[in-house]
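Input: a single structure, listed below in structure tokens.
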Amino acid sequence: MSTLPTGVELLEQERQVRQGGSGLTAPDLLGCWRLDQVWPKGSPRPSAFSGSLLRAVQARLEISAPVAEEELSLTNAVTLGPLELRFRGVGRLVGSRPLLQFSFQELQLSLGGRLLLRRALPEPARQRLPFFALIARDPSGWLAARGRGGGLALWRLA
């Protein structure tokens, strides 16, 4: 696998993508993405603590084939030993950049593979939907995006 981009390199790629779009499509996003690094809003340096913590709990974003026309199935999960917390929902690509807008519809808590809790989640207002502004997906197996809150994330394909 090639080396991962620096924060400065990602900021430059993001500037270019804002002008011309990333060209990413739904098939480019499919897979299980393990969170590797995060950069706080406005910082060219990754947060060592947040990145380490998120890797330790095996934070991941699973994106699979469409569940309906133009929709992707999304799962955001963390695992701590035998305990797993999952958020399941749907997403769709919007605009030319594009944005991956999503909504989690269900929360699940499992212990040792046994489901302990399953709860429906309320639908957020359309104008408040969370999103990832997609920056780049490298063939070597990484994906970069900026979240609604302004942080920058870099995932590696599992």
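In my numbering, the protein residues as written are 27 to 184. Glycine residues also receive a C-beta, built at the ideal position from the N, C-alpha and C atoms. What you are looking at is a predicted structure, and each value in this text was computed from that prediction instead of being measured.
Just list the residues that DSSP pairs residue i with in beta bridges.
i	result
R25	Absent from the model: residue 25. The displayed extent of the chain is 27 to 184, so no value can be given.
L106	L109
V120	L125
Q63	L180
E88	C58 and T101
G115	L100 and F130
Pull up the CB-CB distance for residue i and residue j, whole angstroms please, since I reckon it's below 8 Å.
i	j	result
F158	G173	6 Å
R163	L50	6 Å
Are the beta-carbon atoms belonging to residue i and residue j less than 8 Å from one another?
i	j	result
L87	Q127	no
R41	A184	no
F113	L135	no
L56	I89	yes
P108	L160	no
Keeping to the same chain, check which residues put their C-beta closer than 6 Å to that of residue i; ignore five residues upstream and five downstream.
i	result
Q45	none
R145	L133
S73	V64 and P66
V104	V83, A85 and L111
G77	Q63 and V64
Is residue i helix, strand or coil when you go by DSSP?
i	result
E95	coil
E35	helix
M27	In this predicted model, M27 has a pLDDT of only 44, less than 50, meaning its place in the structure is not dependable; the value taken from the coordinates is given anyway. Three-state DSSP puts M27 in coil, outside helix and strand.
G176	coil
A171	strand
S166	coil
R44	helix
Could you pull out every residue in the same chain whose Cβ sits closer than 8 Å to the Cβ of residue i, ignoring the five residues on either side in sequence?
i	result
S122	G47
G177	V64, W65, P66 and K67
P150	S129 and P156
Within its chain, find whatever has a CB closer than 7 Å to the CB of residue i; leave out the 5 residues flanking it on each side and keep chain order.
i	result
L142	L135 and S136
L37	P70
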